[in-house]
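Comments concern the structure below.
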Amino acid sequence: MTDHTIDDIWNEDEQSSESDGAARTDGGNVNSPFDVVSQYDETRRERYEKLYDAYVYAPLSIVWRDWRARIGFTIVLIYVLMGTVGTAVVEPVVVAEGPALAQPFENWAYPLGTDDMGRDLFAQTVHATQEMLKMIASGAIFTVVVGTTVGALAGYKGGTTDTVLSSITDVFINIPGFPLVMVLALLLPISGNPYIIGILLCVASWGGLARAIRSQVLTLRQESFVEAARAIGVPTPKIVFKEIVPHLMPFVVINLTNAARRVIFEAAALYYLGVLPFRNLNWGVTLNLAYRGGAHYRPQALHWFVVPMVAIVFISVGLILLGQSLDRVFNPRVRARHESVSGAADEDEEDDGKRPNLANMGGGGI
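full-length UniProt numbering numbers the first residue of the sequence shown as 1 and each following residue consecutively.
Quick look at the structure:
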């Protein structure tokens, strides 16, 4: 009688559980948050819209809302256009194309004046920009790639790997960079290649970045998301470069612009000193020729000395402002805020039919 009663009670409980949908055969509870399945099926177009929102709209929105970014981006864009489109539009430098030491803005055929051989300083500036941009790109990318890779691997792996990489980093940190570049420039057959010169100028400058990246990675490798990736067997390169390095991008971008400015100053200095070989006139060579021609103490030739100096200063200022603004672009909180703004803008566009357009109604102001 007792066994029959227990079986009846058990069957009644199972029937009530099945009717209520509150239990499962494995003892789980359907009310668990882990059993909730999304009813929303994301389409391919919506995925593309999210990617566009995250990687195109949000960065451009951040850049447009920051005055430093607008100015810096404009300056850098002008130099990029000078080094690409400008070389095709502006005629190459020709000796005696104008009078010697013509003053700026007197004749629009050579708006920035000429040097003592009648060469247009504006054409010199434009055609020198292309080689300078090649040096900047190769040197800055070399510094960031080597410094970030060495520092991230040393900080994450630890042990023997950290000891070896840190020792190499210390050697490059303690080597005087500028004298080393001068010696290598005299010994190596670089033959004026701007890409090789850019790497040569940064051959010893990646050590400081690697040391700073290593110290940051030592902290990040203890974070929960890194521990979770390691626990599920994610490979080391993927953990380092897809989980850890993205958190360091603001710092990396700042160092990218600093490395670019370092290339500009060192290249101009070495060309000015006559250490680096050259095939065409550039900002450093123009400064050297202006100094030899006494432009720094002759008022009628002062523009010959000022024009390349202004070109160097302006691109340096543009890189500083652009680097400060890119720090905000890679900031996750700022990006999320602007992504939500774009989402709100999409909602506003859907309601445009319901809202009166004051501009079209003539209500431009209150």
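Ideal placement from N, C-alpha and C gives every residue a C-beta, glycine not left out. Model, not experiment: these values are computed from the prediction.
Sort out for me which residues DSSP pairs residue i with in a bridge.
i	result
Asp53	Bridge partners of Asp53: none, in fact.
Thr114	Asp120
Measure how close the beta-carbons of residue i and residue j come, nearest whole angstrom, since I'm counting them as under 8 Å.
i	j	result
Leu321	Val263	About 18 Å separates the two Cβ atoms, so there is no contact after all.
Gln300	Phe251	Rounded, the Cβ-Cβ distance is 48 Å, inconsistent with contact.
Leu165	Ile213	The Cβ separation is near 11 Å, so there is no contact.
Gly147	Leu51	Contact flag wrong, Cβ pair sits at about 29 Å.
Arg119	Val93	5 Å
Gly151	Ile254	Contact doesn't hold; Cβ gap of about 14 Å is too wide.
Ala69	Val63	4 Å
Thr125	Ala311	5 Å
Buried or exposed for residue i, please, with buried defined as at least 16 other CB atoms from any protein chain shown within 10 angstroms of its CB.
i	result
Asp115	buried
Phe305	buried
Leu319	buried
Arg328	buried
Ala100	exposed
Thr129	buried
Pro308	buried
Phe178	exposed
Ser191	exposed
Phe261	Residue 261 is actually Arg in this sequence, not Phe. Flag for Arg261 reads buried.
Glu266	buried
Thr161	exposed
Ala96	exposed
residue 407	The structure shown does not extend to residue 407, since the chain spans only 1 to 366, so no value can be given for it.
Tyr57	buried
Val245	buried
Gly159	exposed
Please report the straight-line C-alpha distance between residue i and residue j, rounded to a whole angstrom.
i	j	result
Gly207	His127	33 Å
Met82	Leu188	30 Å
Arg131	Pro194	What sits at residue 131 in the sequence shown is Glu, not Arg. Rounded to the nearest angstrom, the two C-alpha atoms are 6 Å apart.
Leu256	Ile141	7 Å
Glu46	Leu220	33 Å
Pro275	Tyr291	For clarity, residue 275 is Val in the given sequence; the question names Pro instead. So the alpha carbons of these two residues sit roughly 16 Å apart.
residue 393	Gly293	Residue numbering for the chain in the displayed model covers 1 to 366; residue 393 lies beyond these limits and cannot be assessed.
Val90	Thr74	20 Å
Ala88	Ala259	28 Å
Tyr297	Arg211	44 Å
Met135	Asp170	25 Å
Phe105	Thr84	24 Å
Pro237	Ser205	24 Å
Glu223	Leu153	16 Å
Glu227	Trp67	40 Å
Lys157	Val181	31 Å
Ala268	Gly72	21 Å
Can you list, in chain order, the residues of its chain whose CB lies under 7 Å from that of residue i, leaving out five sequence neighbours each side?
i	result
Tyr272	Gly284, Leu287, Asn288
Ala102	Tyr110, Gly113, Thr114
Ala295	Ala301, Leu302, Trp304, Phe305
Asn282	Ala128, Glu131, Met132, Tyr271
Thr163	none
Excluding the 5 residues preceding and the 5 following residue i in the sequence, name in chain order all residues of the same chain whose CB lies nearer than 6 Å to its CB.
i	result
Ile239	Ala229
Ile315	Tyr79
Ser138	Tyr195, Gly198, Ile199
Gly155	Arg214, Val217, Leu218
CB-CB under 8 Å to residue i, same chain, minus the five flanking residues each way: which ones, in chain order?
i	result
Phe225	Glu243
Leu184	Leu200, Val203
Asn107	Gly98
Leu186	Val275
Against chain C, with Cβ distances strictly below 7 Å, would residue i count as a contact?
i	result
Ala154	The question asks about chain C, but that chain is absent: this structure has only one protein chain.
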